Every structure is written in structure tokens, then in C-alpha cells.
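For any residue, its number in our numbering is found by taking its place in the sequence shown, counting from 1, and adding 2. Just so you know, even glycine gets a beta-carbon here, dropped at the ideal spot from N, CA and C. As the structure is a prediction and not an experimental result, all values here were calculated from the model. Report on one structure; see the data block that follows.
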Amino acid sequence: MAIRTAVIPAAGMGTRFLPATKAVPKELMPIFDTPAIQLVMDEAIGAGATRIVIVTSPNKPAIEQYVKPSPEVVKRVRDTGRNELADRLERIGKDVEVVFAMQNEPRGLGHAVSCARDQVGKEPFTLLLPDELMGGPALLQQMVEMCEREKKSVVGLKQVPMSEVSSYGVVTTTATPTSNGEVTVTGVVEKPQPDESPSDLILIGRYVLMPEMFDLLAGLAPAASGEIQLTDALLLGANERNVLGVVSDIARFDTGTPLGWLKAVIEFARQREDVAPALDAWLLSLLK
Ligand code: UTP
């Protein structure tokens, strides 16, 4: 069955990005000139999504404002000659349906995913965290193919230095990945201390989930933090050997912190032909 729905949770408080997030949702912070949520929608569409469910909060109306189709803005972008960007903006709401699910209180990522249940229905779906940016849709495409083939949930994974594991969900897997990075996930822990971490493989905010994951989430009690954790549901799935993973070396940026965001902005700007020469020259002069 084709996987057509993508879920993007965007109802968090963005505490690590205060004071900016007092007025601007983290998901709308520009990566050079394009909001993170646009890049993530583009990635979801690149991996086959024709329907996007954005989980948002009543306190963040700017997200709906951004996503709402605006032929006037598309025309203005086209008038400046940026046709590729105009095409990307135009397909949202035209070729790709976007719907919203409300999370009235930020009760954790697992809870945010549950809020999308009615909109998703009984189908597998992709889940993209908009504060994790990938260079493109290649990883998600591979994960979608794997889910369609194996009929199991699939998580995106990356090896990181042990010093970084305490900010992420960490997994254990069956022995060695296949040549294209495929593994079976055997365990998941949320934000372990480096000396207690079972591995250096982290969840990088890309998931393809079977609809049964909603049942696992519905049965969970809140964690000590009061949040419903997606990692707890993944652990239950992993215990049944129903969760697979792809270990990837894709370039990724965690834009949930100001420094991570700044690095992403610089990298993305350096990929722009119209910007890179001037930016590189300035960066070199700065570092002399
Ligand atoms: P994060 O934990 O990185 O975002 O969640 P946050 O909670 O906004 O950030 P901090 O920790 O307070 O700085 C990853 C994604 O999941 C969404 C966030 O909006 C973010 O895009 N999320 C998180 C929800 O939608 N609801 C939640 O209850 C928690």
C-alpha cells in the first residue's frame, strides 16, 4: 500500500529557543530564507506524501498562516524569477492536501502523534520532526520502501559521538547493518547519559509508522516528565521485533537549539549558488 500521509508535529513550546519563540514558532524560523517547516514539507512530498497533517497548537496561529495557500505570494515569488521556489509553494494545498490537528497542551511527542490519529486513519504514515533537517528526501524514500516491503515501522538512525547521545532517543539493534544500512531495532531509551547509553545510534526525527503505533501510544502512561513519549511506544514495538531501522550517513541538522540552527543556516546558504561566493569570502575574512 502506498504511504501517502505525512505527519509533522509542530505544537511544542520551543523552550530552548526563547526568547525568539515568544513570538515566532520554532518551525517557522528561517533556514536562510525558507522556514524549516517548508523544507520538511518538501522532503515529505519528495518521499511520496500527498497529504500532510500538521499537529499544531492554538498558541501558534502563524503556522496555519504560513501554510495557507496564497496565489498572491506565489505570483510575487514568480515575478522575481524564482520559479522553482514558486512551484514548491504552489503545490501546498493544490497537489498536496494539508490538514491540521490541534494539540491543546504540549504533552510530549507521543501525545502529539496521537492527536493526528483521526486524520491519518488506519494507514502507515511518515512522521517528520521539523527541527531535524536533512539535505533531501533520500533517507525517507528508502524508509518508505522498506516499510512497504516489510510491513513494519521503520526509524531513521545515525551514529553520533557518545558525548551527544544524551539529547536524543538511542536504540540498540541486531548485529551489523546490511550494505544499505538496514537493521532490526531491539531496544530504545530516551536521552541516556553517555556512560549508561547502550549504543551511539540515535533517532534522527524521521519515522515511517504502522497504524498499530497509535494503539501502543494510547496504552502508555505518561513518563516521569509528564509527557507521553514516542520512544516508549517504539520500545513496545521493538520488543515484538516490529521496528526496523535505517542507519544513515545523510547530512542532518538539529535546528532545535540556536547554535544548531545557525550551522544549518550557514550550510544551506553555502549550497545556494547566488549566495555562496559572497558568504564564503566573508567567512574566510572573519576567520583570518
Ligand atoms: P522538541 O522537544 O524538539 O520541541 O520536539 P519543543 O518541545 O518545542 O522544544 P523545547 O524542548 O521546548 O526547546 C520535536 C518536535 O515535536 C513537536 C515540536 O513542536 C517539535 O517540532 N512537539 C513536541 C509537539 O508537537 N508537541 C509536544 O508536546 C512536544
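Helix, strand or coil at residue i according to DSSP, with G and I counted as helix
i, result
"Thr23", "helix"
"Glu107", "coil"
"Lys28", "helix"
"Phe102", "strand"
"Tyr209", "strand"
"Ala226", "coil"
"Lys160", "strand"
"Met136", "strand"
"Phe255", "strand"
"Leu261", "helix"
"Glu86", "helix"
"Ala177", "coil"
Beta-carbon proximity list for residue i, same chain, < 6 Å, skipping 5 on both sides
i, result
"Leu131", "Gly207"
"Val277", "Ala271"
Nearest-angstrom Cβ-Cβ length linking residue i and residue j, presumed shorter than 8 Å
i, j, result
"Glu192", "His113", "Wrong, their Cβ atoms sit about 14 Å apart, outside the cutoff."
"Gln105", "Val57", "5 Å"
Inter-residue spacing [alpha-carbon to alpha-carbon] between residue i and residue j
i, j, result
"Thr52", "Ser250", "25 Å"
"Gly23", "Met31", "A small correction: the amino acid at residue 23 is Thr; Gly does not occupy that position in the sequence shown. If you take the alpha carbons of Thr23 and Met31, they lie about 9 Å apart."
"Leu218", "Lys124", "14 Å"
"Val26", "Ala64", "8 Å"
"Ile268", "Ile33", "8 Å"
"Trp284", "Arg272", "12 Å"
"Pro200", "Thr7", "33 Å"
"Pro279", "Leu232", "42 Å"
"Pro194", "Leu281", "38 Å"
"Ile54", "Gly14", "18 Å"
Neighbourhood of residue i by C-beta, 7 Å cutoff - its chain only, sequence neighbours within 5 removed
i, result
"Asp256", "Asp133, Glu134, Gly262"
"Val76", "Ala88, Leu91, Glu92"
"Val245", "Lys154, Ser155, Val157, Val187, Leu236, Gly239"
"Arg341", "Within the shown structure, residues of the chain are numbered from 3 to 290, placing residue 341 beyond reach of any answer."
"Met148", "Val156, Glu184, Leu246, Val248"
"Met215", "Ser155, Ala235, Gly239"
"Met145", "Val156, Gly158, Arg208, Val210, Val248"
"Gly110", "Glu229, Ile230, Gln231"
"Gln121", "Val55, Val101, Ala103"
Spatially closest choice to residue i from the options, by CA coordinates
i, options, result
"Ile10", "Phe102, Pro179, Lys290", "Phe102"
"Thr17", "Gln231, Glu99, Gly258, Leu203", "Gly258"
"Glu29", "Tyr68, Cys117, Arg272", "Tyr68"
"Gly221", "Val146, Asp197, Ser116, Asn106", "Ser116"
"Ala4", "Arg151, Gly14, Pro21, Ala13", "Arg151"
"Leu20", "Pro260, Asp282, Glu275", "Pro260"
"Pro163", "Pro37, Pro224, Ile204", "Ile204"
"Pro179", "Gln161, Ser165, Lys62", "Gln161"
"Lys70", "Ile39, Pro196, Ala118", "Ile39"
"Ala118", "Ala177, Pro73, Pro213", "Pro213"
"Gly171", "Arg80, Asp97, Ser227, Asp202", "Asp202"
Sequence-distant residues of its chain with Cβ nearer than 8 Å to residue i (five each side left out)
i, result
"Leu142", "Glu45, Ala46, Gly48, Ala49, Thr128, Leu130, Met136, Gly158, Arg208, Val210"
Short CB-CB distance (under 8 Å) between residue i and chain D
i, result
"Gly95", "Among the chains of the structure shown, chain D does not appear; only one protein chain is present."
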